[in-house]
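Heads up: the structure comes next, in structure tokens.
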Amino acid sequence: MKANVISAITLNRLSKVYDSAVVSDISLEIAQGSFVTLLGPSGSGKSTILQMIGGFVAPTSGRILFGADDVTSLPPNRRPCNTIFQDLGLFPHMTVAENVAYGLKVRGVTPEMRKRRVADMLAIVALEGLEGRRVHQLSGGQRQRVALARALVLEPSVLLLDEPLTGLDERLREQLRDEIRRLHRRLGSTFLAVTHNQDEALSLSDRIAVLRAGKIEQVGSPRELFEAPANAFVARFVGVDAMIKPDTVERGSEVWTALVAGRRIPCAPPLRGATSESYLVALRPERIRITRAGEPADIGPVTVTGTAYKGRDIEIEGMLLDGQILKFLIPADQCSALPAVGAEIDLTWQPQRALLVAETGVVEP
């Protein structure tokens, strides 16, 4: 992290071992006012890390700092953060306003001030007029917003969100995702979320830490992870799922060359610091297209083995000369005639260059 950027949270070689969950030697800095997401599959350790930061789980080793203060041994109520868990934890016997005001009441804020701050916060999360409703009278998206308001009304410097959009339908997820992003920009607090959903992570975050089996595979901006994944695991997790295994790889200074099914494919070199004994050629399915007449091909011939309508896109599955399967997408509104199963086609992805990613391994610091 740059020297002039203030860290809101610092994790220093944080580890946790208990039952089947393991977090191993995690170091991470979260800039003040940023939105950072821990992204990974179930069991990757992301929720355990969030619980350690919130003070609900004690680390086996390592330190947690909020600013310059070591809070590793402090209980949750003495840490300058609020946590919103998946179950939200709303009080069913209280109204919306009472839920939001609860933390202020515990802190001894006067009734007049509580009323004013609750009204302001409900306006921010677009829940005006619902002050008197109880939890069971609210939609899923409204309950999520009540939980956000209850946490944010306490003006925490850090807000921790555990799978904030889980359990909502697609329309509500998109709506609440936009509201969370708007709230972050408006309030300027530090947000740290965990999710297994790459769309949420990419659209919400300033930076993303991708986890697997209790270790960080890569940290970067959404664009950095999307355009230059460190390895095949990260690539697949952010949506680069068209990958083929080269027969050989030739290293170069600016361009590496992969030999696939008799074709020499120029590739962007793997990310600096990514270590591996073997590599994969990674392609974005939406950037692959069938060559036009007279256009040079990047790979081919490819035998069409199947097609599938995906709504906005049509997925085409093809087999390379070496037997590998490659899937790619064609916009449905730009596809006048699909190639028939059994047809031979040539493919290109120019002007973009193919990515070369480590098949395994993590990025060394």
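Letter by letter, the sequence shown follows residues 867 to 1231 in the working numbering. Built from N, CA and C at the ideal position, the CB exists for glycine as well. Source: prediction; values computed, not measured.
The beta-bridge partner set that DSSP reports for Glu-1183 consists of Gly-1172 and Lys-1193. Judged by DSSP secondary structure, Ser-939 falls outside any beta strand (DSSP E); it is assigned neither H nor E.
Inter-residue distance for Leu-905 and Ala-1067 is about 7 Å (C-alpha atoms, whole angstroms). If you ignore the 5 residues before and after Val-1121, its C-beta comes within less than 6 Å of the C-beta of Pro-1132, all in its own chain and listed in chain order. C-alpha of Thr-1061 to C-alpha of Asp-1028: approximately 7 Å in a straight line. Secondary structure in the stretch 938-998: the alpha helix (DSSP H) runs of 4 residues or longer, each lying completely within the stretch, are 962-972 and 977-990 in chain order.
Boundaries for Pro-1088: no beta strand (DSSP E) harbours it, while the alpha helix (DSSP H) harbouring it runs 1088-1093, taken from the DSSP string. Inclusion of Ser-1055 and Ser-1023 in the CB contact set at 9 Å is warranted, their separation being smaller than that value.
Contact annotation: the stretch 930-941 touches the stretch 873-886, with at least three C-beta pairs closer than 8 Å. Judged by their CB atoms, Ile-896 and Arg-1150 are not nearer to each other than the 9 Å cut-off. Beta-bridge analysis with DSSP links Gln-1084 to Val-1076. By alpha-carbon distance to Met-918, the top candidate from Ser-900, Met-979, Lys-882 and Asp-891 is Lys-882. In the same chain as Gln-1041, and ignoring 5 residues on each side of it, the C-beta atoms closer than 8 Å to its own belong to Gly-1007, in chain order. Excluding five sequence positions before and after Gly-1166, the CB atoms of its chain that fall closer than 7 Å to its own CB belong to Ile-1211, Asp-1212 and Leu-1213, given in chain order. Among the bridge pairs identified by DSSP, Leu-931 is matched with Thr-876 and Asp-936. Take the alpha-carbon of Leu-1221 and the one of Arg-973: they are about 54 Å apart.
The beta carbon of Leu-1034 lies closer than 8 Å to those of Gly-1006, Gly-1007, Gln-1010 and Leu-1042 in the same chain, with the five residues before and after it left out. For Glu-1120, no beta strand (DSSP E) run applies, since DSSP gives it neither H nor E. Pro-1167 sits in a strand when the DSSP states are folded into three classes. According to DSSP, residue pairing for Asn-1097 in a beta bridge involves Ala-1224. Rounded to whole angstroms, the Cβ separation of Leu-970 and Arg-982 is 10 Å, and the two are not in contact under 8 Å. Between Pro-1095 and Ser-1071 the beta-carbon gap is near 15 Å, outside 8 Å, which marks them as no contact.
In the three-state DSSP reduction, Lys-882 falls in the strand class (E or B). A direct Cα-to-Cα measurement between Ala-1124 and Ala-992 gives close to 53 Å. Leu-1020 and Phe-1194 have their C-alpha atoms roughly 48 Å apart. Membership of Leu-1070 in the alpha helix (DSSP H) is indicated by the continuous run 1064-1070. The three-state secondary structure of Val-1147, taken from DSSP, is strand. The alpha-carbon of Arg-1078 is positioned some 8 Å away from that of Gly-909. Distance from Gln-1200 to Asp-1164 at the Cβ level is roughly 19 Å; contact not present, criterion being Cβ atoms closer than 8 Å. Across the set Thr-1169, Glu-1183 and His-1050, the C-alpha of Glu-1183 shows the shortest separation from the C-alpha of Tyr-1175. In this structure, Phe-901 is the residue among Leu-1204, Val-1223 and Phe-901 with its C-alpha nearest to the C-alpha of Arg-1051. Sequence-distant Cβ neighbours of Phe-1057 in its own chain, meaning closer than 7 Å and more than five residues away, are Phe-901, Leu-1025, Leu-1027 and His-1050.
Pairing Glu-1225 with Ala-1098 gives a Cβ-Cβ distance under 9 Å.
Secondary structure of Asp-1188 (DSSP, three-state): coil. The beta carbon of Ala-1075 sits closer than 8 Å to those of Leu-894, Val-902, Thr-903, Leu-904, Leu-905, Ile-1082, Gln-1084 and Val-1085, all from its chain and outside the five residues before and after it, given in chain order. Exclusion of the five residues before and after Glu-997 leaves Val-962 and Ala-963 as the residues of its chain whose Cβ lies within less than 6 Å of its Cβ.
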